[in-house]
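Take a look at the structure below.
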Amino acid sequence: MSLRKRIRKREDGAVDMTPMLDIVFIMLIFFIVTATFLDESGLDFTHPKNANAEPPCIDCPAPISIYVDADNLVSVDGIVTPVENVADAVSAQLAHNPTAPIILTSHEGARFDPVVRIKDKMDGMGRKTILKISYAQ
85 MSLRKRIRKR EDGAVDMTPM LDIVFIMLIF FIVTATFLDE SGLDFTHPKN
135 ANAEPPCIDC PAPISIYVDA DNLVSVDGIV TPVENVADAV SAQLAHNPTA
185 PIILTSHEGA RFDPVVRIKD KMDGMGRKTI LKISYAQ
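The numbering used here puts the first residue of the sequence shown at 85, with every later residue one more than the last.
So, in structure tokens, the structure goes:
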């Protein structure tokens, strides 16, 4: 008889998961609500639609091309230039052709730091810069 009483009195130990689930759902709701209030800002750029597209006009001046390659080397019209001297090189080009548009092209593997610094310098000069990101194929 005493053996049966011991077996019946033995209870399985179980952890009540209800409070933990309550906390998880409260945290989930908190993070969903706070994530909607985050303000994410970034660069505005347009993806190139066609690399072989015709220029918009025939009489347009030749653009000043600034290119940042995958190794973060900067070239202005094919001449490798340090990032600090890009504004001077562009100013020299603008002295010959003041209406030339500036096209800043970046390889997808390039760091954003030189691209943003160059874009800020061009904007500081009062020039609108067209930003293109090229993708490796």
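Ideal Cβ placement from N, Cα and C applies to all residues, glycine included.
Being a predicted model, the structure only gives us computed values, none of them experimental.
Note to self: Just to confirm, is the Cβ distance from V160 to A146 under 9 angstroms?
What the structure shows: no
Check: Do I148 and I186 come within 9 angstroms of each other at the CB atom, strictly closer than that value?
Finding: yes
Margin query: Using 8 angstroms as the cut-off, can you tell me whether the region 195–211 makes contact with the region 148–158, which would need three or more C-beta pairs spanning the two stretches below that distance?
Written below: yes
Margin query: Spatial neighbours of A184 within its chain, please: C-beta separation below 8 angstroms, excluding the five flanking residues on both sides.
Written below: P145, A146, P147, I148, Q177, L178
Note to self: So for I110, helix, strand or coil by DSSP?
What the structure shows: helix
Next item on the list: Please list, in chain order, all residues of the same chain as D207 whose beta carbon is under 7 angstroms from its beta carbon, the five residues on each side excluded.
Entry: T213
Check: So, is V108 buried or exposed, given that buried needs 16 or more other C-beta atoms within 10 angstroms?
Finding: exposed
Notebook entry, point to check: Where do the ends of the beta strand (DSSP E) carrying V152 lie?
Noted result: 148–152
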